[in-house]
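For reference, the structure discussed in these notes is given below.
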Amino acid sequence: MTKKVLLLHAWYATPDSHWYPWIRDELVKKGYEVSIPKLKDNEKPILSRWTKSALRENSLDEGTIMIGHSLGAVLALRLVENSTAKVAGLITVSGWDFWSLVPEHKTFFENPIEHKQIIKNASKRIVIHSDNDPYFTEYTAHEFSKRMKAKWMMLKGRGHFTKDSGVVEFPELLWEIEAK
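In the numbering used here, the protein residues as written are 606 to 785.
Right, here's the structure in full:
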């Protein structure tokens, strides 16, 4: 079975932002197929449009590891939740599972996240967060990981895992993808 990674970028990001090119290049060297689709209407995210962008040239199957960063993590949750196929893994980076009251995020939370369905559809689940994320506290992220029955990883000093926070390489993520 082909090893695939589908990485969903953050709001106001592109496939070439932050640590995405680095992880793509490292995974390709290790034999993974990596897709980082450009999500449509990035400045005004709408779940249905982002879903179409993500799945336009990608399908989910038992060989797929989904990685979502920030709002891309919420998209990853929704894709796994609504998938008819199981995926090998779901990794969220600076993700969350509740409407944060930001108007632009509303379409992502028209109904509550179905954690049980995500747990059923994703064999391996990991929540990665930083102790100094400017948007979500360590507590809220840790509670999210509990609802997901996910491995919890709290890294020090990474902010929101952006280039502005100094994150252009992400070896811990690479290790987690490779871990069996």
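All C-beta atoms, glycine included, are put in the ideal place defined by N, C-alpha and C.
For the stretch 634-674, the continuous beta strand (DSSP E) assignments of 3+ residues that do not extend past its boundaries occur at 638-640, 669-674, in sequence order. Bridge pairing for V692: A727 [DSSP]. Contact annotation: V685 and I723 have beta-carbon atoms nearer than 8 Å. Annotation for M759: no alpha helix (DSSP H) segment contains it, though the beta strand (DSSP E) segment containing it runs 756-760. A residue is called buried when at least 16 other Cβ atoms come within 10 angstroms of its Cβ; T767 meets this threshold and is buried. The Cβ atoms of G764 and V732 do not sit closer than 8 Å to each other. Following the DSSP letters along the chain, one finds V610 in no alpha helix (DSSP H) but inside the beta strand (DSSP E) bounded by residues 609-613. For R763, there is no enclosing alpha helix (DSSP H), since its DSSP letter is neither H nor E. Here F713 has L652, V679 as same chain residues with Cβ atoms under 6 Å from its own Cβ, once five neighbours each way along the sequence are excluded. The residue from M758, S770, E667 with its alpha-carbon nearest to that of W780 is M758. By the criterion of at least three beta-carbon pairs nearer than 8 Å, the stretch 665-676 is in contact with the stretch 608-621. Looking at the DSSP output, V698 bridges to H674, I733. For H747, the uninterrupted alpha helix (DSSP H) run begins and ends at 743-753, by DSSP. Leaving aside the five residues that flank E715 on each side, the residues in its chain whose CB is nearer than 8 Å to its CB run, in chain order, L652. Ranked by how close their Cα comes to the Cα of N726, the residues H734, P626, D738, K754 have K754 in first place.
Contact between the stretch 639-652 and the stretch 615-627 is present: three or more C-beta pairs spanning the two stretches fall below 8 Å. Of the candidates P776, I782, A784, E783, P776 places its Cα closest to the Cα of W627.
For the 8 Å CB-CB criterion, G771 and S735 do not form a contact. For W780, the uninterrupted alpha helix (DSSP H) segment begins and ends at 776-783.
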